[in-house]
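Everything on this sheet refers to the single structure shown next.
Chains as they are written, first to last, in our numbering: chain R, 6 to 187; chain G, 777 to 1008.
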């Protein structure tokens, strides 16, 4: 995560960064900006890096899940005249729904802990203008910069219950009827 | 933008020596290696006992351990800092190794517990009949049989611990003992204006290489580790 953060910091560098260089090359230099220095964009930039670094894991996870679907089920659906889109929506997705649920939970936990990215990438860190302040960063700063240990511990407990609530809610909201492979 | 010139390896040398990437790498290998060794030893022992020997309180121990996966590091961050501090282990190798081990154990036990359950009981029984002690059955029969599982979870732990950033940031304030992730972040931040970027990037490559090699060599096992418990 730390390496990802350092690399993406260089993608967003104003003068020689990859993103601005690319925009320059394709003639969109009007879109160039100091990505991490503008409150309106900084958080989105961090999110882009976070999404990029998480996608690979879920590709592997879902690929493994999809692979474990018996071939005869997909075949039967194809013979019954299902197009690729219907096949995905009606067969593949319901059968891998368990994995999707797990992914939601994992992602929720990761999202609550954007600490490494924000701490390394953003100015301040947490800036500009507090636009990228995340809970983990607040906690860390209160504990180890301001030495408000009790306050930071309380934040940790609150964060834990928030995670727990969110997890329960997500499991609840994404609950479907269980599909059994016949 | 300037097109790339010919490759220059002096960047690597500079990263290694001047930017102390070599030192960070040594620290990381030492800490992650030690933690991995302890995790696998304790994890395998605990998982084996829990999976194979029914005793009162078995389930309680198991769920207590597995519950560790549920807690985010942030919950215990501040208390953890004080525990390590009062034990006098702040910024030491063994302190970090112990914390890493504790951090990696729940998943290891969870994974290996499931794995030991799938192994046939007949082989162990045959060994017992032949007069093997409990310890010998574990080390000479069960552990070799569990090797695929051990490799999977070992690799998975290696990747997780190698990339650990928050724990060393809090528990390892001594710049001489920085691990790679910490050191690179420190370099990236502190170099802002001095801009020895080629050196920094050489350092990044050095940090990524072991992980990349592990991924390429152990793709299958990593996938098994990633999807354990998530995919039926």
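Built from N, CA and C at the ideal position, the CB exists for glycine as well. Quantities reported herein were computed from a predicted structural model and do not represent experimental measurements.
- When secondary structure is reduced to three states using DSSP, residue 98 of chain R falls in the helix class.
- When the five nearest sequence neighbours on each side are left out, the beta carbons in the same chain lying within less than 7 Å of the beta carbon of residue 945 of chain G are those of 958, in order along the chain.
- Cβ proximity to chain R below 9 Å picks out 846 from the stretch 824-846 of chain G.
- In this structure, the straight-line span from the alpha carbon of residue 811 of chain G to that of residue 954 of chain G is close to 16 Å.
- Residue 91 of chain R and residue 72 of chain R have their C-alpha atoms roughly 18 Å apart.
- By the C-beta criterion, the stretch 898-918 of chain G is judged not to be in contact with the stretch 171-178 of chain R, since fewer than 3 inter-stretch pairs fall below 8 Å.
- Here residue 862 of chain G is exposed. Its C-beta has fewer than 16 other C-beta atoms within 10 Å.
- Think of a sphere of 8 Å around the beta carbon of residue 171 of chain R: no beta carbon from chain G falls inside it, the nearest being about 11 Å out.
- Neighbours of residue 144 of chain R in chain G, taken as residues whose beta carbon is under 9 Å from its own, are 850, 853, 854 in chain order.
- The DSSP-derived three-state label of residue 889 of chain G is helix.
- Using a CB distance cut-off of 8 Å, residue 984 of chain G counts as an interface residue toward chain R.
- Assigned with DSSP and collapsed to three states, residue 818 of chain G falls in helix.
- Residue 827 of chain G sits in a helix when the DSSP states are folded into three classes.
- Just measuring C-alpha positions, the residue of R/165, R/107, R/32 sitting nearest residue 62 of chain R is R/107.
- Each residue's CA atom was taken as its position, placing residue 860 of chain G and residue 904 of chain G some 42 Å apart.
- Between residue 125 of chain R and residue 7 of chain R, the gap from beta carbon to beta carbon is short of 8 Å.
- Counting C-beta pairs closer than 8 Å gives fewer than three between the stretch 76-95 of chain R and the stretch 149-162 of chain R, which falls short of the contact rule.
- For chain R, none of the residues of the stretch 803-820 of chain G brings a beta carbon within less than 8 Å of one of its beta carbons.
- When the beta-carbon positions are compared, residue 844 of chain G and residue 881 of chain G come within less than 8 Å of each other.
- The beta carbons of residue 992 of chain G and residue 932 of chain G sit about 15 Å from each other, so the pair does not count as a contact at 8 Å.
- At a cut-off of 8 Å between C-beta atoms, residue 74 of chain R does not count as an interface residue with respect to chain G.
- Judged by DSSP in its simplified three-state form, residue 956 of chain G adopts helix.
- For residue 116 of chain R, not one C-beta of chain G is nearer than 8 Å to its own C-beta.
- At a Cβ-Cβ threshold of 8 Å, residue 144 of chain R and residue 161 of chain R count as neighbours.
- Here the alpha carbon of residue 847 of chain G sits roughly 7 Å from the alpha carbon of residue 165 of chain R.
- Counted as a single uninterrupted DSSP element, the alpha helix (DSSP H) harbouring residue 64 of chain R occupies residues 44-72.
- Its Cα nearest to that of residue 19 of chain R, the residue R/38 stands out among R/38, R/128, R/114, R/167.
- In the structure shown, the three-state DSSP call for residue 898 of chain G is helix.
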